[in-house]
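Engineer: Have a look at this one.
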Amino acid sequence: PQTARLIELLKEKTIGEIKLIRASFGFAASLNPDSRLFKNELGGGAIMDVGCYPVSMARLIAGAVDGRPFLNPVSVRANGVKVQTGVDGTAAAVLKFENDIVAELTTSIQVSLDNQVVVIGTEGRIVVPDPWMTSRIEPRDGLIEVHAQGRVQKINIPANRTSFSYEADVFATTVFKDQQEAESPAMTWDDTLGNLKVLDRWREAVGIIYANETPEAQQDKTVAGRSLARRQNHTMRYLRVEGVDKDISQMLMGCDNQRTFAHAAVMFDDWFERGGNAFDTAHIYGGGLQERLLGQWINARGVRNEVVILSKGGHTPFCYPEAIAKELQESLDRLQTDHVDLYILHRDNPDIPVGEFVDLLHEQRMAGRIGVFGGSNWSIDRIREANEYARQHGKHGFSVLSNNLSLAEMVRPVWTGCLHVSDPESRAWLTKNQFPNFAWSSQARGYFLPESLRMRLGTDNFQCWDSPENRARRERAEQLADQLGVSPINIAAAYVLNQPFPSFALIGPRSIEETISSLRAMDIKLTSDQIEWLWTG
334 PQTARLIELL KEKTIGEIKL IRASFGFAAS LNPDSRLFKN ELGGGAIMDV
384 GCYPVSMARL IAGAVDGRPF LNPVSVRANG VKVQTGVDGT AAAVLKFEND
434 IVAELTTSIQ VSLDNQVVVI GTEGRIVVPD PWMTSRIEPR DGLIEVHAQG
484 RVQKINIPAN RTSFSYEADV FATTVFKDQQ EAESPAMTWD DTLGNLKVLD
534 RWREAVGIIY ANETPEAQQD KTVAGRSLAR RQNHTMRYLR VEGVDKDISQ
584 MLMGCDNQRT FAHAAVMFDD WFERGGNAFD TAHIYGGGLQ ERLLGQWINA
634 RGVRNEVVIL SKGGHTPFCY PEAIAKELQE SLDRLQTDHV DLYILHRDNP
684 DIPVGEFVDL LHEQRMAGRI GVFGGSNWSI DRIREANEYA RQHGKHGFSV
734 LSNNLSLAEM VRPVWTGCLH VSDPESRAWL TKNQFPNFAW SSQARGYFLP
784 ESLRMRLGTD NFQCWDSPEN RARRERAEQL ADQLGVSPIN IAAAYVLNQP
834 FPSFALIGPR SIEETISSLR AMDIKLTSDQ IEWLWTG
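Following this note's numbering, the numbering of the sequence shown begins with 334 at its first residue and continues without gaps.
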């Protein structure tokens, strides 16, 4: 009841526009290495024990201000102090939300904190003196203080049962209503998952890794404790690339955003179980972190012979043969493998004669360090030149391309030196030669999302894709999506997957939910007429 009353006051704009939230929960406990509070193997530490309360409250308040049940932060900055057992003793975090509310959160199992919630607005502040422990043991009225207009209003919230009794009543009421989730301000499934994600980011910033989150603790088994295997009902589709002795899933998991082994393992396990066997990474990603995480996962699961690794090297300014050879060896060491199935030059360097690249890559292929090779952000003319050199000298040529391809034609490079093959002429060449393309930003980086989500991605990203022609394509994608009962972004992905040449899509989901959303495109079969209509109308 106390929390519900707080939300009512915020919705009534009792203190004007909310700008800042301060919430803390901490107590002093003696350091016992074997207790659940301090033992790493038991998930100890302040963040997970009581830091979850301030996080939940901040997300609830930020959402309530906008009439939503909760809001997840767009930024989490944090720090903390580890104790000798490897868990956090005291930690602080600053959260920023999309509505420009900032939350300052503190937690501790070493020292007692003020254990309050303070909400500061343009016309005053609200203080909840006892947000966490009211009525824990016996019924005790709640209290909220409103400091506004030069006076303090104390609001008493009657309680006739303990907080645990209120929780039980909410649960029972929900069951009797035949509902699976309680109503706000009680936590829903999505609210719970959002809270856990923030806690993970807080732990990551402090450097807290639990023993069961390491590669050593997950040998041969998934995070769920089962053997890694494809689901029988997966919907993944596969294509072949000449020179690679495995089927390649038509979507590739982008290994460019995972921050910890725990995060990577969850994503990669799920990807493999859903039929994905191909992974896209690069020497430059995360300063090598992403290659190391992928290598650790492959080694822990023992699936090197079952997966396809696409790695890239030679990004500007290191796009010259000597640097590429060095980067390739570093990539192999990080990936804990003696070869990659596909190796792609991340950029072209027109100042280097194309034959020097062919010589190097042919040598690496003959040495068994790479399978087939190709170029990313290479022009088709440059690919032709490379393959003509290879033909004349009896060497392997470029077998694949990795340029942007999407239903929205890139009107401004996302990054310097980026090229696309979305235009009809490029697609015609790929079709005539049946030349495989591994499309990055295959869904135009969110251009086909609903407007409310699309605009959160930033003006710079928007300007890379927005044009009258692309807006018309998006409208047609929305029309077809309505007919098929899917999302426009699924239509955009299906456009790439249903091209008349070997067309792969590189995707970069941050969560399992995003993976599931992306894979819906696998169920969509587009005709050549539909593909043409989506592009030209």
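Cβ atoms here follow ideal geometry from the backbone N, Cα and C, with glycine treated the same way.
Under the three-state reduction of DSSP, which class applies to Gly475: helix, strand or coil?
Structural biologist: Reduced to three states, the DSSP call for Gly475 is strand.
Engineer: Exposed or buried, Gln335, counting other C-beta atoms within 10 Å across all chains shown (16 or more means buried)?
Structural biologist: Buried, because 16 or more other Cβ atoms sit within 10 Å of the Cβ of Gln335.
Engineer: Cα separation between Met788 and Leu678?
Structural biologist: Rounded to the nearest angstrom, the two C-alpha atoms are 32 Å apart.
Engineer: When you compare only the Cα positions, how much space is there between Pro801 and Pro835?
Structural biologist: Straight-line Cα distance between these residues: approximately 29 Å.
Engineer: I'd like to know whether the C-beta atoms of Ala772 and Ala719 end up nearer to each other than 8 Å.
Structural biologist: No, Cβ-Cβ distance for Ala772 and Ala719 is not below 8 Å.
Engineer: Ignore the nearest five residues each way along the sequence and tell me which others in Val414's own chain have a CB closer than 6 Å to its CB.
Structural biologist: So the list reads Gly422 and Thr423, once near-sequence residues are dropped.
Engineer: Go ahead and label Trp798 buried or exposed: buried means 16 or more other beta carbons lie within 10 angstroms of its beta carbon, across all protein chains shown.
Structural biologist: Burial call: buried.
Engineer: Which residue comes first and which comes last in the beta strand (DSSP E) that contains His586?
Structural biologist: In the sequence on display, residue 586 carries Met and not His. It spans Met584 to Gly587 - the beta strand (DSSP E) in which Met586 sits, taken as one unbroken run.
Engineer: Go ahead and pull the three-state DSSP assignment for Val687.
Structural biologist: Helix.
Engineer: Which of the three DSSP states is assigned to Lys554 in this structure?
Structural biologist: DSSP places Lys554 in strand when its eight states are reduced to three.
Engineer: Under 8 Å between the Cβ atoms of Phe690 and Pro654?
Structural biologist: Yes, the Cβ-Cβ distance between Phe690 and Pro654 is below 8 Å.
Engineer: Residues in its own chain within less than 7 Å of Asn831 by CB, not counting five upstream and five downstream?
Structural biologist: Counting only Cβ-Cβ distances below 7 Å, and skipping sequence neighbours, we find Lys858, Leu859 and Ile864.
Engineer: Please list, in chain order, all residues of the same chain as Gly704 whose beta carbon is under 8 Å from its beta carbon, the five residues on each side excluded.
Structural biologist: Cβ within range, chain order: Gly576, Val577, His672, Val673, Asp674, Leu675, Tyr676 and Arg698.
Engineer: Does the Cβ-Cβ distance between Val451 and Arg338 come in under 8 Å?
Structural biologist: Going by C-beta atoms, Val451 is not nearer than 8 Å to Arg338.
Engineer: Since Asn823 is in the alpha helix (DSSP H), which residue starts that stretch and which ends it?
Structural biologist: Where Asn823 is concerned, the enclosing alpha helix (DSSP H) stretches over Pro821 to Leu830.
Engineer: Grab me the residues of Asn528's own chain with a C-beta within less than 8 Å of its C-beta, minus the 5 sequence neighbours each way, in chain order.
Structural biologist: Answer for Asn528: Cys385, Val388, Ser389, Arg392 and Met520, listed in chain order.
Engineer: Using 8 Å as the threshold, is the C-beta distance between Gly457 and Gly349 below it?
Structural biologist: Yes.
Engineer: Considering only the alpha carbon of each residue, which of Glu624, Arg563, Gln565 and Ser582 lies closest to Trp593?
Structural biologist: The displayed chain sequence assigns Thr, not Trp, to residue 593. If we check each option's Cα against that of Thr593, Glu624 comes out closest.
Engineer: Just to confirm, is the Cβ distance from Thr525 to Asp856 under 8 Å?
Structural biologist: Not closer than 8 Å, so no.
Engineer: Output the residue ranges of the alpha helix (DSSP H) runs that lie fully inside the region 598-675 and measure 4 residues or longer, sorted by chain position.
Structural biologist: Listed in chain order, they are 622-634 and 654-668.
Engineer: Would you call Ser732 buried or exposed, if buried means 16 or more other Cβ atoms sit within 10 Å of its Cβ?
Structural biologist: Under this definition Ser732 is a buried residue.
Engineer: Among Pro683, Phe781, Ala538 and Ala615, which has the Cα closest to the Cα of Leu867?
Structural biologist: Residue Phe781 is the option with its Cα nearest to Leu867.
Engineer: Apart from the five residues just before and just after Asn432, which ones in its own chain have a Cβ nearer than 8 Å to its Cβ?
Structural biologist: The residues are Ala395, Val398, Asp399 and Leu404.
Engineer: Along the chain, where does the alpha helix (DSSP H) that runs through Lys344 open and close?
Structural biologist: Where Lys344 is concerned, the enclosing alpha helix (DSSP H) stretches over Gln335 to Lys344.
Engineer: Please classify Ser785: does DSSP put it in a helix, a strand, or coil?
Structural biologist: Helix.
Engineer: Return the residue from the list Lys728, Leu740, Pro769 and Ser664 that minimises the CA-CA distance to Gly708.
Structural biologist: Closest option to Gly708, Cα to Cα, is Pro769.
Engineer: Could you check where the alpha helix (DSSP H) with Phe497 kicks off and where it finishes?
Structural biologist: Note, Phe497: alpha helix (DSSP H), Ser496 to Phe509.
Engineer: Just checking my contact of Leu585 with Phe612 at CB under 8 Å: how many whole Å lie between their CB atoms?
Structural biologist: Indeed, because the Cβ distance is near 6 Å, the residues count as touching under 8 Å.
Engineer: Looking at the secondary structure, which residues open and close the beta strand (DSSP E) in which Gly422 lies?
Structural biologist: From DSSP, the beta strand (DSSP E) with Gly422 extends over Asp421 to Lys429.
Engineer: Measuring only the C-alpha atoms, how far is Val641 from Ile459?
Structural biologist: Going by the C-alpha atoms only, they are around 56 Å apart.
Engineer: Taking the continuous alpha helix (DSSP H) assigned at Ala436, which residues delimit it?
Structural biologist: No alpha helix (DSSP H) contains Ala436, which is instead part of the beta strand (DSSP E) from Val435 to Ser441.
Engineer: Indicate whether Ser774 and Ser739 have their beta-carbon atoms separated by less than 8 Å.
Structural biologist: Yes.
Engineer: Which of helix, strand or coil does DSSP assign to Val407?
Structural biologist: Coil.
Engineer: From what residue to what residue does the beta strand (DSSP E) around Asn736 run?
Structural biologist: Asn736 -> no beta strand (DSSP E), and no H or E assigned at all.
Engineer: Could you give the distance in angstroms between the alpha-carbon of Arg564 and the alpha-carbon of Arg369?
Structural biologist: Looking at the two C-alpha atoms, the distance is approximately 36 Å.
Engineer: Tell whether a beta-carbon distance below 8 Å holds between Ile716 and Trp535.
Structural biologist: Result no, Cβ atoms of Ile716 and Trp535 do not sit closer than 8 Å.
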